[in-house]
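K.L.:
Residue numbers (this note's numbering): 4 to 80. The beta-carbon is built from N, C-alpha and C at its ideal position, and this holds for glycine as well. For reference, the structure I am asking about is given below.
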């Protein structure tokens with residue numbers, strides 16, 4: 004059986020996907036627990052936010068005191 008081919012309208016490049024992810028943002032949340040005989044030995048909690056700094060600043064995802072860490076390069080020193 005031949006593989007399905009996508010026409011030009013259905014193809015999305017990696018650059019387009021990255022642009023969409025950074026523009027909108029992605030949140031990954033997960034938990035991993037390692038246990039033996041119903042005794043929890045290790046717990047890992049994961050919370051990851053992937054977005055651009057501009058999107059995070061406009062959406063309020065950055066704490067107020069951390070916004071001064073990022074400055075735009077507008078040519079003024």
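State yes or no: is the C-beta of residue 47 within less than 8 Å of the C-beta of residue 35?
P.N.:
Against the chain shown, residue 47 aligns to sequence position 44. Against the chain shown, residue 35 aligns to sequence position 32. Against a cut-off of 8 Å, the Cβ pair of residue 35 and residue 47 comes out as a contact.
K.L.:
Under 7 Å Cβ to Cβ from residue 52, same chain only, skipping five residues before and after it: list those, please.
P.N.:
Translated into positions along the chain shown, residue 52 becomes position 49. Only 28, 30, 64 meet the Cβ criterion.
K.L.:
Looking only at its chain, what residues have a beta carbon closer than 8 Å to the beta carbon of residue 25, apart from the 5 residues adjacent to it on each side?
P.N.:
Taking the chain shown and counting its residues from 1, one reaches residue 25 at position 22. Taken in chain order, the residues that qualify are 53, 54, 55, 58.
K.L.:
Could you tell me whether the Cβ atoms of residue 168 and residue 33 are closer together than 8 Å?
P.N.:
Outside the modelled stretch of the chain, which goes from 4 to 80, sits residue 168, for which no answer is possible.
K.L.:
Tell me residue 48's beta-bridge partners as DSSP assigns them.
P.N.:
Residue numbering aside, residue 48 sits at position 45 when the chain shown is read from its first letter. 34, per the DSSP bridge assignment.
K.L.:
Does DSSP put residue 22 in a helix, a strand or coil?
P.N.:
Within the chain shown, numbered from 1, the residue matching residue 22 stands at position 19. Residue 22: helix per DSSP, three-state reduction.
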